[in-house]
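Residue numbers (this note's numbering): 13 to 430. Glycine included, every Cβ here is placed at the ideal spot set by N, Cα and C. Structure first, commentary second.
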Amino acid sequence: MYDLALTPEQLEFRDTVRDFVEREVKPAALHPDRLQPFEKPLLTALLEQAAQMGLRTLMLSEEAGGAGADGLTSCIVMEELGAGDVDVASVLGQTAALAQVLFDRLMTPAQRARFLPKFVEDDRYHLAFAGRDPDAGIGWCYHRPLAVESGEPAAVKQGNGDWVVNGAVSLVTNAPLAKLFAVQVRTDPKKAGANGVSTLLIPRDTPGLTVGEPLKAVGEAIRWHHGTGAAVVFKNCRVPADHLLGREGQSPLAGGAEAARGASQLAAINLGLGRVAYETAVSYAKLRRQGGRYIIEHHSIGTKLANCAIKLELARNMIWKAAWALDHPEAAAGRSGSGLPLHTIARVFTAEAVHEVTLDAAECFGAMGVMRDMPLQKYVHDGMVFLHSDTTDGAAKLGIAEAIAGYQRPAADAARLR
Numbered sequence: 013m014y015d016l017a018l019t020p021e022q023l024e025f026r027d028t029v030r031d032f033v034e035r036e037v038k039p040a041a042l043h044p045d046r047l048q049p050f051e052k053p054l055l056t057a058l059l060e061q062a063a064q065m066g067l068r069t070l071m072l073s074e075e076a077g078g079a080g081a082d083g084l085t086s087c088i089v090m091e092e093l094g095a096g097d098v099d100v101a102s103v104l105g106q107t108a109a110l111a112q113v114l115f116d117r118l119m120t121p122a123q124r125a126r127f128l129p130k131f132v133e134d135d136r137y138h139l140a141f142a143g144r145d146p147d148a149g150i151g152w153c154y155h156r157p158l159a160v161e162s163g164e165p166a167a168v169k170q171g172n173g174d175w176v177v178n179g180a181v182s183l184v185t186n187a188p189l190a191k192l193f194a195v196q197v198r199t200d201p202k203k204a205g206a207n208g209v210s211t212l213l214i215p216r217d218t219p220g221l222t223v224g225e226p227l228k229a230v231g232e233a234i235r236w237h238h239g240t241g242a243a244v245v246f247k248n249c250r251v252p253a254d255h256l257l258g259r260e261g262q263s264p265l266a267g268g269a270e271a272a273r274g275a276s277q278l279a280a281i282n283l284g285l286g287r288v289a290y291e292t293a294v295s296y297a298k299l300r301r302q303g304g305r306y307i308i309e310h311h312s313i314g315t316k317l318a319n320c321a322i323k324l325e326l327a328r329n330m331i332w333k334a335a336w337a338l339d340h341p342e343a344a345a346g347r348s349g350s351g352l353p354l355h356t357i358a359r360v361f362t363a364e365a366v367h368e369v370t371l372d373a374a375e376c377f378g379a380m381g382v383m384r385d386m387p388l389q390k391y392v393h394d395g396m397v398f399l400h401s402d403t404t405d406g407a408a409k410l411g412i413a414e415a416i417a418g419y420q421r422p423a424a425d426a427a428r429l430r
């Protein structure tokens with residue numbers, strides 16, 4: 013089983029990022045002028061600083077110019093970033109995870125030579141995956157084959173082997189910042205599900221690719237996600253034949269394994285949010301006096317804080333276990349694990365636990381907890397976003413229920429939902 017004693021390298025990662033968050037991220041993220049408006053712009057300057065520290069290339073192999081961090085180490089780092097600002101953490105986490113998948117595992121040597129140098133050298137170079145979340149829709153297809161999705165981009169091969177892409181993806185995480193997109197397109201309209209889907213590497217400056225405006229906090233479409241995202245439209249977008257990732261009709265990103273790793277990182281970011289809310293409440297409870305003593309000595313406040321500590325410790329252990337299991341798939345194969353989707357358990361439990369933690373932390377502040385120039389109202393809002401996302405809501409639990417029941421999906425669905 014995984015070791016709770018962190019390595020010297022993991023401790024160094026944690027302490028370095030924690031110091032960066034305390035010195036740079038928190039003062040900017042929690043400035044009263046930023047807290048009061050509903051719209052909170054992405055802290056792009058901090059993204060660049062984090063990139064210069066190597067956090068954008070955190071999971072990229074050392075041979076490719078990164079830090080070579082494994083899943084557990086990345087979760088430790090993402091918790092620290094989440095304690096500073098969940099949006100900054102989400103952007104960096106998405107790019108770091110995709111970089112490892114694309115450059116280290118899936119690209120051909122020629123593709124790597126074309127795209128890797130630009131990625132490593134440019135601190136503003138981010139990555140995005142324009143495709144369907146393999147877990148999306150499971151709640152509406154419990155113990156049934158998945159419905160055939162519609163509206164995905166389609167690609168038609170030309171005589172010279174190039175592809176012409178048309179269609180749109182309504183929301184792509186990191187799209188406003190991304191300079192390279194991994195786009196899932198249907199290349200065989202006669203097949204359904206994951207069959208007949210290919211992945212193309214499309215640079216942002218490709219003619220015919222248009223990125224919409226980032227979603228705002230309020231308006232016709234309310235932003236209900238962390239990080240940044242926007243619609244991406246493809247209109248007669250011509251992509252060279254050698255930009256195909258993997259085999260035609262067999263997208264290497266449609267299997268669900270990458271979504272599992274991403275789920276653990278998101279849970280870690282969520283945990284960082286809960287931790288900073290809890291720590292803020294503890295600090296205030298040690299300062300505020302009422303009834304002749306500090307409120308941390310009051311039974312009701314002490315009980316709330318104790319409950320917060322319990323939930324956060326349990327969440328951290330679940331996230332670390334899920335990350336370790338992904339780093340060591342041989343453990344499940346050797347019957348050392350439960351066989352359940354630990355990444356789903358981690359993200360669902362953490363989302364529910366952190367939502368309760370942020371509410372309890374806000375209650376420790378009394379009426380101050382709802383004031384817009386105080387950080388607690390932001391923590392509560394951020395926790396609710398995690399709780400109600402399509403990867404942590406009640407529907408996500410049905411994937412666990414199917415594993416408990418031993419339900420076997422049809423082959424095409426199973427490949428996408430495992």
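Asked                                                                                                                                                    : Found
If you compare alpha carbons, which of R126, A122, L212, R35 is closest to L58?                                                                          : R35
For E92, does the count of other Cβ atoms within 10 angstroms reach 16, so buried, or fall short, so exposed?                                            : buried
Are A417 and I281 closer than 9 Å when you measure CB to CB?                                                                                             : no
Taking DSSP's pairing of strands, which residues face P2 in a bridge?                                                                                    : An answer regarding residue 2 cannot be provided, because it is not within the stretch 13 to 430 covered by the chain.
Does DSSP put A142 in a helix, a strand or coil?                                                                                                         : strand
Measuring straight from C-alpha to C-alpha, what distance separates A148 and E309?                                                                       : With a pLDDT of 41 at A148, under the threshold of 50, the modelled position of that residue is not reliable, and no figure is offered here.
Does the pairing of the segment 83–97 with the segment 328–335 give three or more beta-carbon distances under 8 Å?                                       : yes
Is it true that the segment 216–231 meets the segment 278–294, where meeting means three or more beta-carbon pairs spaced less than 8 Å apart?           : no
Consult DSSP for A167 and reduce its assignment to one of helix, strand or coil.                                                                         : strand
Quick one: grab the DSSP three-state call for Q420.                                                                                                      : coil
Going along the chain, which residues of its own chain have a beta-carbon closer than 7 Å to the beta-carbon of Y296, five neighbours each way excluded? : C376, F377
Under 6 Å Cβ to Cβ from V209, same chain only, skipping five residues before and after it: list those, please.                                           : Q196, R198, S263, A266
Any chance you could list the alpha helix (DSSP H) runs of at least 4 consecutive residues sitting entirely within the segment 332–376, in chain order?  : 341–345, 354–376
Using DSSP with H/G/I as helix, E/B as strand and the rest coil, what is Q262?                                                                           : strand
Taking only three categories from DSSP, how would you classify N329?                                                                                     : helix
Given a threshold of 16 other Cβ atoms within 10 Å of its Cβ, counted over all protein chains shown, does D372 qualify as buried or as exposed?          : buried
Compute the Euclidean distance between the alpha carbons of R485 and F32, then round it to the nearest angstrom.                                         : Since the first residue shown for the chain is 13 and the last is 430, residue 485 is missing from the structure and cannot be characterised.
In the DSSP output, what is Y391 paired with across the bridge?                                                                                          : For Y391, which the question treats as bridged, DSSP gives no partner whatsoever.
May I have the straight-line CA-CA distance separating A159 from P353, to the nearest angstrom?                                                          : With a pLDDT of 48 at A159, under the threshold of 50, the predicted position of this residue should be treated as unreliable, and no value is reported.
In terms of residues, what are the limits of the beta strand (DSSP E) holding V181?                                                                      : 175–185
In three-state DSSP terms, what is G241?                                                                                                                 : strand
Would you kindly report the start and end of the unbroken alpha helix (DSSP H) that includes T12?                                                        : No answer is possible for residue 12: it lies beyond the span of the chain, which begins at 13 and ends at 430.
Measuring alpha carbon to alpha carbon, tell me which of L213, A413, V369, T28 ends up nearest M119.                                                     : L213
If you draw a straight line from the alpha carbon of I331 to that of T218, how long is it in whole angstroms?                                            : 38 Å
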